[in-house]
Structure formats: structure tokens, C-alpha cells
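So the sequences go chain by chain: A and B. Sequential numbering from 19 applies to the first sequence in the numbering used here. Sequential numbering from -19 applies to the second sequence in the numbering used here. Beta carbons are placed, not taken as given, at the ideal position from N, Cα and C, and that holds for glycine. Structure first, then comments.
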Amino acid sequence: MKKAMAVVLAALMLGGCSALPGEERAFAVVLGISEKSGVWEAGTRIPTYQTGGGYVTISARGNSLGEALALLNASAPMELHYGQLRLLLFGKDLAASAQFPEVLRALSARGEVRAQAALCVTEDNVLDVLDALEPATGSRLSKSLEAMMTSRQSAGVVPRITLSDWLRMGERQQAVLMNAALENADNAMPGMDAAAGELAAKAAGKVQLSGGWLTNSAGQVKASLTAMEMQLLSLLQGRLRQGTLSLPQGTATLLEASSSMELVGTEVQAKVRLRYSASNLTEEGLTQALLDALHGLTSKLASAGCDALGVARQAMAGCADLAQWHAMNWPERYPALTWRFVIEVEREA
Amino acid sequence: MRTTSTVHSPEERLAQRELGERLALRSQWRLLACVSILRTAVTRIMPLAGAAAWWMTLVCLLPGLVLYWLGCLGLRISKAASLPECARLALGKVGAGVVCGLAAAALAVDAVSTITALITLFTEGVGTQGTQWTLALAATGLLLFALNGEALARGVYFLRVPLLVLLGAVLVGLASGAKLDHLFPVLGGGASGLWAAFQAGAGMGWVFLLPLLQAPTREKRWHEPLPPMGLCIVALLCLNLALPHELLANQSALGDCLVLTVAHLPAFVRLVAVCLWVVALFLSLGSGVSLCAGQLLAPTGRKIAWLPGVLALAVATTQLMDIRWLWTQLGAMGMWLLVALGVGAGVSLLACGRKRK
């Protein structure tokens, strides 16, 4: 009897498996979407599955997103599968348009699109960026992208918001999306205060992931953050605890960092604690530099209407139901909030 | 479950076997209760109550819980071991038949809801290629193997710990994405949404009356519904912590509601969750059909081996109907299941009490 049950259960659990062999299916690593003057362009980076490896970009255009994706699948050498997507790349014009939130919802409604794919926006041509994506280390683009995003995120210079994260933010927080830019010979501006496309930095690949794009309550991209500003945001979010923190006045090696935030009426009281070493800044100098930088960052967030720190989560806790929350009109209330920072720094001798 | 021993007398062995069968039946009932409560909560209460779903489910279960406790008190006063026995003492075979018939009808309706959810999960969750009817036939075909004698009851008893472990893994996966503010706003969409959720879910406590249909496994039975109820509330709380109100309240279709419970889990945990849903729905379907057959035959005292299989096929034929229309009709029956069983139990207990006086 137990064996019969085991057989039944095994058959049941395996009932969902598809019989399509690996060689007859192409696992897309990156999906890129852009839109201009009503023409939608969808492109994807897939492995060639040939000896020696390599990747190829295929693309299609349609009069709607659905049509472009259908044409992409119809013209691909094999059936496309989006279950291994690592990156969802969007053109900046599309990301700044009112259609962008609906595009994200439409993609999430397609069950085969991997919800853990990171969202990314580029000012460059989407297909050019796809073409430039090659494995920087090893032979697998998916692994290379994962490693790149993880190291950038550890350094605090990029946000990593997945499709699932974006959906689960709801009305409580606005996302900051990763910025991607093509490296070119004109990249000459030194320092982390430059935009991704201007950074005087050469990575192993030809695409630079650096900084972020601020979205407003309607889900549209409104402004960008440099790598330096992104680090400060990561510090406030509690994601940056160690590493090198860059400020206009100098750098500091963080040994320990923590932050907390409380909404009191119309004021946000934020506390930042740092322990650092190897810096040209004294404790007073670092405190002042941080205060100036954080005020600049929060002003930028407020101007863009981007509640990247999720202050709304605390505001919602005081509302009994959704109607009361909507009556609060958070998108108008948030930019008017004042910020008070308490910085505690300790330099290691 | 040990049923034979060289040191026990035949009477002791018989008593052990009967206790083992009652324990297996209790496992079946608990599985059916958990699946029925979670299925109703996820597909009917959550879209209406949103962030308030976990405590709204608790409120919806209270009528059934109160009826169960009143039933326990009535059985204690009337000195009957079960509701059918009480009905037989008071109203004769017809009375017992009516009580068992009502229970069988409730179990049959629940089985139809379960198979509808199972087929929807296959088509929209797993993405299995096939029509509603062919998948129902495939599931029923497998079910016919599992309905062999006492295999299903013992299989459910055997699997209770592995299923709980898998559920634990899924809840840990949900908790990894949990945020405390997802429990707010506390009242969800407001009073109108909560009232609609209550109307949709108030009848789901009918499952708590099922243990009153058989003799208890222990002397005290008042706490019998608490383990499945507690487990379901904890699971729903984890789900509410993982997903915000804005995401929960936007779902309207059956498939969307079921898929939402697994969509935002990490990849491997998602696979475990889908498997758990499929296995739990399948075993609950089998348990419902098996218990329904048991209730239909209880007044006669006979055993018909092929009856559960016939009932399973009958339940499968409901999948020839339009799934959306079927789901709406099943939802409308929810409250009446509790009312019917409650009235049947109440009448039996009152009549028995009067007869003893």
C-alpha cells in the first residue's frame, strides 16, 4: 500500500514536467524591451548552444508588446523560455512613460517570465546593450551577470530590484531601478559622481552597471542617481555595511554601518551610525560631509516623488483601511516631509 | 500503526485495529479540513479582505467552531458517541440517514471544489498541457488506484509528517520575504470588503462538524478542531506577511489566487509549494470521496468497495461544466453547508435529549 501511494505521488509530482529536450529550447538570459512612436521592439540574448559557446541577440518589432514578444518567439531558432531570465532591460523612454507599470504587470502575468529577474533601465539603444553583453568571467552569461550584480550591490553602487520585489512594493515604496550603460572611449569623468555612461572605468565586459533610476508613485522613471548617490541610499537602506564610501569631500572605509528611520508627524528622523578607518576625513568632517550629502539625496528623492526608503510603510500602519490611506494622499505628502539626520561616527584608531 | 502482535489477545488486537482505523480517519479529516479552509481562504476571502484575510478567516471559522462545541456538549448530555448514533436513538434509521446524507452532500460539494482547484492549478500553476476534462480524467484515474481499500486513509496517516515538513519549508520561504507593514491596513479594503469576505467564508467551518460523525479517538474531544484551525491561521498569517494588500486584493480569478500563493517564492521553494498544493488537493479529494462514500453507507452498515470510485468519477464529470460558472455556484453553496449540517445536528441532539428525559 505504501509503495502504491509512493508511486501515485511520484507520478503526480512529475505530471507537470515537459518532455521538451534542452536542445529544442532556448533559455533567454536577458530580455530587452523598448518603445518608440508606437513601435515596440523586443530583443533577447540567448546562448547559441554550439561548440565553443557564445551568445546571440534576436529581436522583433510589433505594434504592441504582445505582438513584439509573439513575433520574437516565432522568429527564434528554438522555442524561447524565460524561466532563467537574469535581467529585464528597458529603454529609458519607455521607463519614463505612463505605460511602464502596465508593461511590468503584463510581463509578470506571463507565468513563464522569471519573477526574480532584475529590472534595469538604459539610456542607450536596448539592442546595442544586448549585443554588448558577454560573459565577463567564465563562459556563462547568466553566472557572469549574477556575479556582476552581486558585487555591484555589495559595493552599494546599484540597486537590485526584481520583478517580484516591484510587485510586492505596492503603494508602500517606490523602486530605484538599476542603470546600465555602454562603455565607450569618451568615458573620461573620474570618480563615482559621474553618470554610468561617463564613468572613467573599464569593466571586464562592455556594459557598465552603475547608479539607479528613481521611479515615482505612478511607476514612471523620473530622475537618475549616480553611483555615489546610490551608495548613500544603500547606506540609508541598511544594505551598505562595509566597504569604501565615497563622498565629494573624500572617502572612508566602512567597518560597520547601521541606520534606522522613524516617521514622526511630518518629519522623518533618521539615525546613521558608522565606524570607519583609512580616511582623509576627520570625524567632524565626515559627519558634515554625510549630512550635506544625505540632505542632497533626500531632496532629490522628494523632487522625483520617489519614496525609495519606504517611509510610507510606517505611515500606512496608522491607517485603519485602504480608504483612509488613500485619503492621506501620500504622493503629495511625501515631498513635503522634512528630514532630520543624526549621524554618529567613530574612527578606528 | 501496529495491528498484529503475538502478545495481545484477539480482543486487544481488534481494539488496536479499530483505534488505528479511527486515527487514520482522523488524519483524513484533518487533511480535508486544512485543505478546505486554506482553499476557501485563499480563493474567496483573501481577494475581498486582503491584508485582513488571516484574522477574517479566524472570524469565519467561529460559527463552525461554536456549533462543534455545542455538538460535543449535546453528545455528552445524550450519552451518544456520535451524531448518527444520536439521530438513530431519537429519530430511528431515517433520522440517522438524514444526518449522514447531509454530511455526504457537504463532502461531495467540497470534493467538487477541490477537483476544480486541482485542475485549475494544473492548467494555470504548473502549465500542464491538456483540457479541463482530460486532466480531470487523469487525476481521477490516479485516484482510483489510491482508493484501494484502506490505502488512502493509511497513506494520509503515513504522509502526515512529510506534508507538515514541506509546509514548514514553504512557510519559511514566505517568511523570508515578510514585512510587518503587509499586515496593514488592519481592516484591509474596509467594512464592505470585510462583510463580503465574511459572507463568502462564514460557512467554511462546516468541516468542524465532521468529527462528530464518528466515535472519538480520545475521551475529550472539544479541542479536536484546534490543530487544523491553528495551522491554517499560521499559514495565512505567513502569506499575509509576504504579500501586501494591494497585490492580494487585485485577484479575482481562481487560477490567479492559487498561483499568487507560490509566485513570489524563491525558485526551489516554489517547486515545493506547487507540489504540496497538488498532493494536498489530490489527497483531500480522495479523502472527501472516501468519507462521502462512508457516510452514504453508514446507515446501512454495508461496505461497497466500488462506491468511492463511482463517486470519484461523478465528481470528475463536473469538470465538463464551464469552470467559472461552476466555481461561482460552489461559492454560493458554502454557507448552506454549515446551515444544513448545523440544523441536522441540532435537531438530532434535541430529539435525543428529549427522548432520554
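Closer than 8 Å by C-beta to residue i: which residues in its own chain qualify, once you throw out the five before and the five after it? Chain order, please.
i	result
B:CYS218	LEU151, LEU154, ALA155, ALA158
A:HIS99	ARG43, ALA44, PHE45, ALA46, GLU130
A:LEU90	ALA60, GLY61, THR62, ILE76, SER77, ALA78, LEU98
A:SER93	ILE76, ALA78
B:VAL319	GLY183
B:ILE284	ALA273, LEU277
A:MET248	GLY174, VAL175, VAL176, PRO177, VAL194, SER228, GLY229, GLY230
B:LEU223	HIS162, LEU240, HIS244
Just to confirm before moving on: does the CB-CB distance between residue i and residue j stay below 7 Å?
i	j	result
B:GLN8	B:SER267	yes
A:GLU362	A:ARG291	yes
A:ALA113	A:VAL139	yes
A:ALA154	A:SER160	no
A:ALA270	A:SER297	yes
A:LEU433	A:LEU49	Look at the range of chain A in this structure, 19 to 367, and you will see that residue 433 of chain A is not part of it.
B:ALA253	B:VAL239	no
B:GLN309	B:ALA84	no
B:LEU300	B:ALA91	no
B:GLY333	B:SER58	yes
A:GLU201	A:GLN226	yes
A:THR168	A:ALA193	no
A:ALA320	A:PRO353	yes
B:ASP161	A:ALA165	no
A:ALA338	B:PRO165	yes
B:PRO279	B:ALA76	yes
A:LEU265	A:LEU315	no
B:SER62	B:ALA195	yes
B:ASN220	B:ALA21	no
B:TRP186	B:LEU321	yes
Less than 6 Å between C-beta atoms, sequence neighbours within five positions excluded: which residues of the same chain meet that for residue i?
i	result
B:LEU234	THR23, THR100, TRP307
A:ALA245	VAL175, MET210, SER228, GLY229
A:ALA37	For A:ALA37, the pLDDT reaches just 48, beneath the cut-off of 50, and the residue's location in the model is therefore unreliable, leaving the point undetermined.
B:LEU424	Nothing about residue 424 of chain B can be reported from this structure: the residues present for chain B run from -19 to 337 only.
B:LEU38	ILE213
B:LYS335	ALA70
B:HIS(-12)	none
B:VAL258	none
Thinking C-alpha only, which one of the options is nearest residue i?
i	options	result
A:VAL282	A:GLY230, A:THR356, A:PRO266, A:ASP310	A:THR356
A:THR262	A:GLN332, A:MET210, A:GLN192	A:MET210
B:ILE25	B:SER58, B:PRO142, B:ALA182, B:ARG6	B:ALA182
B:ALA119	B:THR280, B:PHE262, B:LEU277, B:GLY322	B:PHE262
B:LEU163	B:PRO142, B:ARG201, B:LEU124, B:LEU227	B:LEU227
B:CYS272	B:HIS225, B:VAL79, B:GLY170, B:PRO207	B:VAL79
A:LEU312	A:ARG358, A:ARG351, A:LEU340	A:ARG358
A:SER277	A:PRO266, A:ARG257, A:ALA193	A:ARG257
B:LEU132	B:LEU11, B:ALA29, B:ARG201	B:LEU11
B:LEU174	B:VAL269, B:TRP257, B:ALA31	B:ALA31
A:GLY323	A:TRP343, A:PRO349, A:GLY71, A:LEU254	A:PRO349
B:LEU206	B:ALA61, B:LEU41, B:ALA70	B:LEU41
A:LEU83	A:MET196, A:SER52, A:LEU315, A:ARG170	A:SER52
B:GLY169	B:GLY326, B:THR20, B:LEU28	B:LEU28
A:VAL144	A:LEU243, A:ASP111, A:ARG128	A:ASP111
B:PRO415	B:TRP316, B:ALA296, B:VAL327, B:VAL89	Chain B is shown from -19 up to 337; residue 415 of chain B falls before or after that span and cannot be answered.
A:SER55	A:VAL329, A:GLY70, A:ILE64, A:ASN81	A:ASN81
B:LEU251	B:LEU5, B:CYS52, B:PHE102	B:PHE102
B:LEU122	B:LEU245, B:ALA222, B:ILE95	B:ILE95
A:VAL239	A:ILE64, A:GLU85, A:GLY70, A:PRO119	A:PRO119
A:ALA150	A:ALA198, A:SER115, A:ALA133, A:LEU304	A:ALA198
B:ALA126	B:ALA292, B:ARG304, B:MET36, B:MET209	B:ALA292
A:PRO95	A:GLN342, A:GLN287, A:PRO65, A:PHE108	A:PRO65
If you drop the 5 nearest sequence neighbours on each side, which residues of the same chain put their C-beta closer than 7 Å to that of residue i?
i	result
A:CYS35	Its pLDDT being 49, under 50, A:CYS35 is placed unreliably by the model, and nothing is read from it.
B:GLY311	ARG24, ALA180
B:ARG140	SER7
My understanding is that residue i touches residue j, with C-beta atoms under 8 Å, so please give their C-beta distance in whole angstroms.
i	j	result
A:LEU181	A:SER126	6 Å
A:TYR67	A:GLU152	With a Cβ gap of about 16 Å, A:TYR67 and A:GLU152 do not count as contacting.
A:LYS289	A:ALA241	Going by Cβ atoms, the distance from A:LYS289 to A:ALA241 rounds to 26 Å, so no, they are not a contact pair.
B:LEU45	B:ALA215	Between B:ALA215 and B:LEU45 the Cβ distance is about 18 Å, and since that is not below 8 Å, they are no contact.
B:CYS66	B:LEU55	6 Å
A:GLY268	A:LEU299	5 Å
Cβ of residue i within 6 Å of any heavy atom in the ligand HEM?
i	result
B:LEU69	What this structure holds is no ligand at all, so the ligand HEM is not there to describe.
Legend entry - beta strand (DSSP E) runs contained entirely in the segment 269 to 297 of chain B, provided each spans 3 or more residues: Runs found: none.
Legend entry - alpha helix (DSSP H) runs wholly inside the segment 36 to 114 of chain B, at least 4 long, in chain order: Segments of the alpha helix (DSSP H) lying fully in the segment 36 to 114 of chain B: 63 to 100.
Inset, instruction - Could you tell me which uninterrupted alpha helix (DSSP H) segments, each at least 4 residues in length, are contained entirely in the segment 234 to 309 of chain A, listed from first to last along the chain? - result: Entirely contained in the segment 234 to 309 of chain A, the alpha helix (DSSP H) runs reaching 4 residues are, in chain order, 245 to 255.
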